[in-house]
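In this note's numbering, the protein residues as written are 9 to 286. All C-beta atoms in this analysis are idealised placements derived from N, C-alpha and C, irrespective of residue type, glycine included. None of these values were measured; they are calculated from a predicted model. Reviewing the structure listed below.
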DNA sequence: ATTCTCACCTGTTAGC
DNA sequence: TGCTAACAGGTGAGAA
C-alpha cells in the first residue's frame with residue numbers, strides 16, 4: 009500500500025521524531041536484511057541528519073555522509089514505540105537512540121521491504137526513477153504517452169517513467185479523468201492529458217493532506233491510519249455505484265493487477281468532443 | 001528494445 | 001468447521 013502519499017507521511021513522521029537523533033544500539037537486524045547489506049550494523053553511533061523522499065523511497069541522510077535507502081514495498085512500516093515493548097515476530101530492524109525512551113522499528117510482514125545504504129553498485133531502481141508524480145505537467149505526460157502503445161495504467165505504474173504512483177492512486181487518477189485503464193497510451197487525447205495531469209496532482213495532494221490511505225496494514229510512524237480511505241472513488245469500491253453516473257463500479261484484472269473502474273464513464277476509446285462540420 | 005509473467009513472503013479471505 | 005487456493009498495496013529478473 010505505501011505509495012507516494014503514505015511514504016511522504018512516513019518521511020514527515022521521521023523528520024519529526026528522529027531528525028538529529030543518534031543511534032545508540034541495534035538490538036535486532038533480521039537475517040534477510042543483514043544478508044542484503046552487511047554494513048547495516050554500522051548505523052550504531054551514526055546520526056540521522058534528515059529524511060527525504062524520492063518516489064516511494066525513503067532516504068535517510070546520516071552525519072557520516074552516507075545515505076540509507078528504505079523501501080516499504082507491500083507491507084513495510086516504520087514505527088516509534090516505547091523502549092520497553094517486546095519485539096514482534098515481523099520486526100526486522102530495531103534501533104535505540106542515545107536520547108528518549110522510544111525505539112525505531114522496521115516492521116514488515118511480507119519481508120519485501122528493503123533497507124540498505126546507497127552505493128554506486130546497487131539500487132538501479134532508485135537511480136532510474138522518473139519524474140516525481142507530484143511534479144507532472146501536461147507536456148511531460150504527453151511526451152511519456154506519445155512513445156508507447158501499452159495500456160495507460162502500465163505507464164502510470166512504471167516508476168522509471170513516473171515515480172510515486174501505485175495501484176490505488178493510478179486507479180483513482182484514471183477514474184477522475186474518465187480514462188479507461190486499458191487505453192493505449194498513444195490514444196489519449198490532448199484534453200484528456202490535461203485532465204489526467206490535474207487528476208494525478210489532485211489525488212496525491214489530497215491523499216498527502218489526509219496522511220495517506222489505509223487499506224490493510226499501512227500506518228504512520230505512530231501507528232495512526234491514513235484517512236484518505238474514506239475518499240476513494242473506485243479503488244476497493246466494486247459493487248458500489250459511481251458517484252458521477254450511477255453505474256456499478258467493477259474490478260477487472262489489467263496489466264496483472266486488480267483494477268477498479270466505472271464502465272459508465274471511463275472510456276476505452278477516446279471521446280470525440282466535436283463533430284466535424286462538413 | 002519493450003512488455004509481460006512470475007517470484008519474492010506471509011496473512012487473509014473466498015470457495016469447496 | 002476445516003482445508004486449499006487465490007489474492008493483496010511493489011519491484012526486479014528473466015522470458016517472450
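Test item: CB-CB of residue i and residue j under 8 Å
i	j	result
residue 13	residue 80	no
residue 156	residue 194	yes
residue 271	residue 205	no
residue 47	residue 57	no
residue 262	residue 192	no
residue 55	residue 71	yes
residue 138	residue 173	no
residue 187	residue 245	no
residue 229	residue 22	yes
residue 250	residue 260	no
residue 168	residue 136	yes
residue 19	residue 61	yes
Cβ-based burial, residue i [other Cβ within 10 Å; buried from 16]
i	result
residue 40	exposed
residue 59	buried
residue 211	buried
residue 253	exposed
residue 151	exposed
residue 132	exposed
residue 35	exposed
residue 175	buried
residue 286	Confidence at residue 286 is low in this model, with a pLDDT of 40, below 50, so the placement of that residue should be treated as unreliable; the coordinate-derived value is given next. Label assigned to residue 286: exposed.
residue 84	buried
residue 200	buried
residue 161	buried
residue 111	buried
residue 179	buried
residue 53	exposed
residue 290	Residue 290 is absent from the structure shown; the chain starts at 9 and stops at 286.
residue 103	buried
residue 94	exposed
residue 26	buried
Nearest to residue i (by Cα), restricted to the options the options
i	options	result
residue 231	48, 89, 66 and 276	89
residue 124	30, 38 and 17	38
residue 24	42, 139, 34 and 86	86
residue 15	215, 162, 255 and 180	215
residue 78	107, 110 and 126	126
residue 44	119, 96, 20 and 52	119
residue 28	36, 181, 106 and 96	106
residue 149	98, 234, 241 and 197	197
residue 226	277, 115 and 142	115
residue 241	63, 181, 134 and 110	181
residue 30	20, 93, 177 and 108	108
residue 134	97, 94, 73 and 64	64
residue 276	223, 183, 218 and 220	183
residue 92	113, 74 and 202	113
residue 189	62, 278 and 220	278
residue 202	220, 144, 217 and 266	144
residue 165	117, 74 and 266	266
residue 122	101, 142 and 141	101
Three-state class that DSSP yields for residue i in the structure shown
i	result
residue 285	Caution is warranted here: a pLDDT of 49 is assigned to residue 285, below 50, making its placement in the model unreliable, and no coordinate value can be reported.
residue 118	coil
residue 195	helix
residue 230	coil
residue 20	helix
residue 202	helix
residue 246	coil
residue 261	strand
residue 155	coil
residue 266	strand
residue 54	coil
residue 223	coil
residue 38	coil
residue 104	strand
residue 68	strand
residue 87	strand
residue 111	strand
8 Å contact criterion, which residue i and residue j should meet: CB distance rounded
i	j	result
residue 243	residue 268	5 Å
residue 234	residue 33	In fact, because the Cβ distance is near 31 Å, the residues do not count as touching under 8 Å.
residue 207	residue 237	That pair is no contact at about 18 Å.
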